[in-house]
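If you count the sequence shown from 1, you need to add 434 to reach the numbering used here.
Using N, Cα and C, we set each Cβ at its ideal position, and we do this for glycine too.
Notes follow once the structure below has been shown.
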Amino acid sequence: MTTEILRNMLYQSVGMISTESRLFHVDVIVLDEVHYLSDISRGTVWEEIVIYCPKEVQLICLSATVANPDELAGWIGKIHGKTELVTSTKRPVPLTWHFSLKNSLSPLLDDKGTRMNRKLSLNHLQPTVPRTEPSGGNKMRKHKMGKVQQGFGVASISKQTPLSKNDINSIRRSQVPQIRDTLWHLRERDMLPAIWFIFSRRGCDAAIQYLEDCKLLDECEASEVELEFRRFRMQYPDAVREVAVKGLLQGIAAHHAGCLPLWKSFIEELFQRGLVKVVFATETLAAGINMPARTAIISSLSKRTEAGRTLLSPNELFQMAGRAGRRGIDEVGHVVLVQTPYEGAEECCDLLFAGLEPLVSQFTASYGMVLNLLAGVKLTRKPKEPDAMKAFHSGRTLEEARKLVEQSFGNYVGNNVMLAAKEELKKIKQEIESLSSEISDDAVDRKCQERLSMTEYAEISNLQEELRAEKRLRTELRRKMELNRMAAWKPILEDFENEHLPFMCLQYKDKEAVQHIVPAVYIGKFQSFSAPKITNMVQSGHSVADTMEGDSGDVRDQTDSRPAYYVALSSDNSWYLFTEKWVRMVYKTGLLNASLVDGDLQPRETLRALLEKEELQWEKLADSEFGPLWCMEGSLETWSWSLNVPVLSSLSEDDEVRHWSQAYQDAVECYREQRSNVSRLKKKLTNTKGFKELKKIIDMTNYTKEKIEILEARSKRLTRRIEQIEPTGWKEFLQLYI
């Protein structure tokens, strides 16, 4: 029976005897898929069953996707009596994860199963575009400029250009497989029968029509299906789903809430007998139905809900994957994730390794709950007549109802688990504090004095002090080099204000230190825009002037080194607001700043007008002492303009604008020499007599730092868990009652 029916039967029997419920002849209640306790729409019903279930009736709760089973067992034990938690990490039929692309079906994970298969990375999948090599004198120029720019952070160019958002979307779209492609891969590898999860009824039905000409059954199987179908039609003519008959005779069927129960039972029976090779189903098939398959295919990592399009949770992913692998039939089960225009192997692995989500109480009071709890009829047996009943009193008091309501899983977690979590969090923070004191500079210095002789300690200390001074000088020279590079870009960008709109390349590193390259078209300085919101944003986030007051005057005397802000439109239809810091290259080619029709605005004025009418929801992508980098999505009107921005590999060195000043080249040489000085000092330090002992101390310090990182990660998880705990109380019940 459904949980709702059982809950309604329990309303009148909770804590008392009831002839209507007939639960006194029941020994065991099995709650399969108990993780539905976290379901927003039905979770309350599952909690109520546990709360109202008579203590003499044994509860058995089953699930494969519960991250906090100890909390669940503790709660059941508190309100229902002695409870034993039985867990198993071994799956009877192990799972293998695959990823389906347009022309291949590949393992999703590496050999160890701990990382993504590197052959599925975007860099591996992207088509290689040969870059035109310059000839003659340009090769000599390339060699000279290579010497100037080789190995310097902001000025260096990586061997493999990072992908832009537009490139990523293009690669993903090009790799999306057709249903037919994936299906033939499964058939060739003997991975059928399969359940194919599509998160809409219309999608399931469309897949049937698309594949109704694909024959998956042999002649014997096809004859058997036809015979079974004739029997079904004779017995239940009104239950036949005519639009699905042609696909069924080929071994393909759909299973969702739009099908009549009799038809779904018929499909389930044929599937279990191996007469249906592929069932297209919604996620309702992921739980509660005995329909295992050799393979489970998940068509997307996102689905459409009432709140819009949302990503699958790890629990939902594993619940669907659990359909793969038939015990006693298959040695291994297969799970296939499919490339979509929006999700690739990276997102699949992120979700796969995210870990299960804990059960969260969804207990909420409703009018039905209030009426049923307060209207229950308490009955008791007469002492001499075991089968006779007499009314004890009608209805429950508010105090009795309160005791029931306050037994929710949320209250248990809020009281018991939160206290335990806070206590563990306190211990972790104390351990972090203790370990941090062991890796402080003073602590490391004391260890060095204890383990090294005075001569060794003095030699190493002097070299370390000298090395720190050289590193500080290297940082200063690098900053000076950066200022000169920015100063070189400023007049170039200003000169283009009254000319055509040149193409350019921006570069930045995100919070995870991943470098991004952005092709764009340069629009102009932000001062030329009349949008006050941009001005306020720049002024509030711009503190460069204060940080540069202490600079030596040589750079300031040559040019105004205060960064300016500029605007560009990227190839992925995003606006960028940036300083010279984020400019990697400017190109001679670009868009002509000329009207196509007399009287129309010029392209630069048109784009300025489009930006000024935007809502200006800017996002800060990166920050530096030379000003932040801002980004904002463009509109449908700017999309056609963004299509004119070329792929960077199509531009040659002849197109590049490089007017490096002598000051910049001198700064590069100074920085290079200083890097060599630092390297020589490091080598000298490693050759000292006491360095081996120092290395042991450093290794132990690094090990302690790693331990602190692990503890901090645990601390963050506990903090998030505590934030998720929201005790459900008596207030909501009283609000409905009053």
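Under the three-state reduction of DSSP output, Tyr1021 falls in the strand class.
The closest CA to that of Ser1058, considering only Lys1015, Pro792, Glu505 and Leu1082, is found on Lys1015. The segment 1126-1135 and the segment 953-960 do not touch, with fewer than 3 CB-CB distances between them shorter than 8 Å. Per DSSP, Tyr956 is one residue of the beta strand (DSSP E) stretching across Gln949 to Lys959.
In the three-state DSSP reduction, Thr739 falls in the strand class (E or B).
Sequence-distant partners of Gln941 (beyond 5 residues in either direction) whose C-beta falls short of 6 Å from its own C-beta, in its chain, are Ile951 and Arg1018. In this structure Val766 does not touch Val491 by the C-beta definition: roughly 39 Å separates them, more than the 8 Å allowed. Taking the Cα of Tyr846 as reference, the smallest distance to any Cα among Asp544, Gly511 and Leu719 is reached at Gly511. By the C-beta criterion, the segment 1038-1048 is judged to be in contact with the segment 1069-1080, since at least 3 inter-stretch pairs fall below 8 Å. The segment 655-672 and the segment 634-642 do not touch, with fewer than 3 CB-CB distances between them shorter than 8 Å. Residue range Val712 to Ala715 is occupied by the beta strand (DSSP E) that includes Ala715, with no alpha helix (DSSP H) assigned at that position.
The beta carbon of Glu660 sits closer than 7 Å to the beta carbons of Leu683 from its chain, once the five residues preceding and following it are set aside; these are given in chain order. Residue environment for Trp630: buried (at least 16 other C-beta atoms within 10 angstroms of its C-beta). The distance from the Cβ of Tyr1105 to that of Met920 is about 15 Å, inconsistent with a contact at the 8 Å cut-off. If you look at Ala1056, you'll find it in the beta strand (DSSP E) that goes Glu1053 to Ala1056.
Distance from the CA of Thr1153 to the CA of Glu890, rounded to the nearest whole angstrom, comes to 46 Å.
The residue from Leu645, Arg996, Ser734 and Gly756 with its alpha-carbon nearest to that of Val712 is Leu645. Assignment of Ile632 by DSSP, reduced to helix, strand and coil, places it in the coil class. By the Cβ test, the segment 724-733 is in contact with the segment 612-628, since at least three Cβ pairs between them sit closer than 8 Å. Of Asp461, Lys489, His459 and Asn502, the smallest CA-CA separation from Val468 is found for Asn502. The continuous beta strand (DSSP E) containing Lys943 extends over residues Leu935 to Lys943.
Straight through space, the alpha carbons of Asp879 and Cys1065 are spaced by roughly 45 Å. For Ala727, no beta strand (DSSP E) segment is defined, and its DSSP state is neither H nor E. Under the rule that a run must span 3 or more residues, no beta strand (DSSP E) segment is found entirely inside the segment 1087-1149. The residue from Gly762, Ser538 and Arg1109 with its alpha-carbon nearest to that of Arg912 is Arg1109.
Three or more Cβ pairs drawn from the segment 1089-1106 and the segment 918-936 lie within less than 8 Å of each other, which places the two stretches in contact. Residue environment analysis places His459 among the exposed positions, since fewer than 16 neighbouring C-beta atoms fall within 10 angstroms of its C-beta. Using a 10 angstroms sphere on the CB of Ala727, the tally of other CB atoms reaches 16 or more, which defines it as buried. Your pair Leu838 and Ile485 checks out as a contact, with CB atoms roughly 6 Å apart and the cut at 8 Å. For Val462, the enclosing beta strand (DSSP E) has its first and last residue at Val462 to Leu465. Per DSSP, Ile510 has no beta bridge partner at all. Scanning Phe666, Arg665 and Cys693 for the CA closest to the CA of Val677 turns up Cys693.
Restricted to the segment 749-787, the beta strand (DSSP E) segments that are unbroken, complete and at least 3 residues in length are 767-772, listed in chain order. Boundaries for Glu1067: no alpha helix (DSSP H) harbours it, while the beta strand (DSSP E) harbouring it runs Leu1063 to Glu1067, taken from the DSSP string. Between His532 and the set His689, Glu780, Arg761 and Thr499, the nearest pair of CA atoms involves Glu780.
Counting only runs of 4 or more residues that sit fully inside the segment 473-547, the alpha helix (DSSP H) segments are 477-486 and 503-514, in chain order.
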